[in-house]
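Notes follow once the structure below has been shown.
Residue numbers (the UniProt record's numbering): 1 to 319.
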């Protein structure tokens, strides 16, 4: 007969199938008496699991969701599925959810046996995923950075700046911030003795060093505001101006922090966006749901004509 701990874990695994188990059947599966089964159920309750019991003939047990989340028992396949799902979410565009996914992924992977981690890496290497519209960030790089932030460990990585210059960096990471589908890390640069902001998709091989540090106070205290201020200070490649044929009140919610919106009179408004590429500003303007005219630069108008041509050709093919 299995020892008490092994038997309790096996009982939990069966109950987590979210079905009702008749007491006699459950005891038979565990090769114990119904009296021993009752004691094992009580042990799970002491650990925080909410197990309902139906008395009498035909009675049994069922695991319910609780107010707090006790430890989960997962098979290898379930662990792989969760990790893959979290990695997909980490690369998503919903900022709040993506940040939570990165933190959850760090916790899940830390608890996985080496064999399960190898399966996840193999799946990542062989799977083909759709190309994202924005810059591509390796979720495993995010994972390494998230771990360093969580554990207050110094982080080492190679970095490619916007001008192509490559350097090696040793930093004390603060926290991850997602803005406009890009991940940023505000961190204290130990060699430059100052705060810097790094794009995670430009990092090469970020790895926690194992050296702990005492957290520093970030200027202003707000990580997202700090990153936005740094980005605003960096000249963008393009200044995109468009006239949108809708009132400011209708357009501003769609543009949000992507650019500025000014009243242009006649029920129209002027939208100005600073960006390093021409694609996502087009998506922002399309998101207003209104007609618009590209004012400048000429490259933006040419890009819109090229993309419009693709849509026209696609619409004419009908499968």
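Beta carbons: idealized from backbone N, C-alpha and C, even for Gly.
Remember, it's a predicted structure, so these values are computed and weren't measured experimentally.
Extent of the continuous alpha helix (DSSP H) to which residue i belongs
i: residue 188; result: Taken as a continuous stretch (DSSP letters only), residue 188 belongs to no alpha helix (DSSP H), being part of the beta strand (DSSP E) at 182-189.
i: residue 228; result: 223-233
i: residue 23; result: 23-30
i: residue 252; result: 248-255
i: residue 291; result: Neither: residue 291 is in no alpha helix (DSSP H) and is coded neither H nor E.
i: residue 43; result: 34-46
i: residue 279; result: 279-286
i: residue 10; result: 4-15
Assigned exposure category for residue i - 16 Cβ within 10 Å defines buried
i: residue 146; result: buried
i: residue 271; result: buried
i: residue 171; result: buried
i: residue 305; result: exposed
i: residue 4; result: exposed
i: residue 45; result: exposed
Cβ shell of residue i (< 7 Å), same chain only, five flanking positions each side left out
i: residue 273; result: 240, 258, 259, 281 and 284
i: residue 137; result: 91, 183, 200 and 201
i: residue 247; result: 267 and 269
i: residue 30; result: 7, 10, 11 and 37
Beta strand (DSSP E) segment containing residue i, residue limits
i: residue 50; result: 50-54
i: residue 170; result: 166-173
i: residue 265; result: 260-265
i: residue 269; result: 268-275
i: residue 194; result: 194-199
i: residue 158; result: 153-160
i: residue 63; result: 60-64
i: residue 243; result: 238-244
i: residue 206; result: 203-212
i: residue 177; result: 177-179
Inter-residue spacing [alpha-carbon to alpha-carbon] between residue i and residue j
i: residue 165; j: residue 233; result: 19 Å
i: residue 56; j: residue 83; result: 41 Å
i: residue 331; j: residue 288; result: For residue 331 there is no data in the structure shown, the boundaries of the chain being 1 and 319.
i: residue 291; j: residue 300; result: 16 Å
i: residue 173; j: residue 208; result: 10 Å
i: residue 141; j: residue 159; result: 12 Å
i: residue 250; j: residue 293; result: 16 Å
i: residue 316; j: residue 188; result: 54 Å
i: residue 212; j: residue 225; result: 26 Å
i: residue 217; j: residue 39; result: 51 Å
i: residue 231; j: residue 307; result: 28 Å
i: residue 219; j: residue 168; result: 24 Å
i: residue 20; j: residue 58; result: 11 Å
Cβ neighbours of residue i in the same chain (closer than 6 Å, five flanking residues each side left out)
i: residue 53; result: 61
i: residue 175; result: 149 and 223
i: residue 334; result: Absent from the model: residue 334. The displayed extent of the chain is 1 to 319, so no value can be given.
i: residue 34; result: 23 and 27
i: residue 245; result: 268, 290 and 291
Check: residue i C-beta below 8 Å from any heavy atom of the ligand MG
i: residue 218; result: You won't find the ligand MG in this model; it holds no ligand whatsoever.
Close-in-space but distant-in-sequence residues of the same chain around residue i (CB under 8 Å, 5 per side omitted)
i: residue 206; result: 141, 144, 145, 148, 155, 156, 157 and 200
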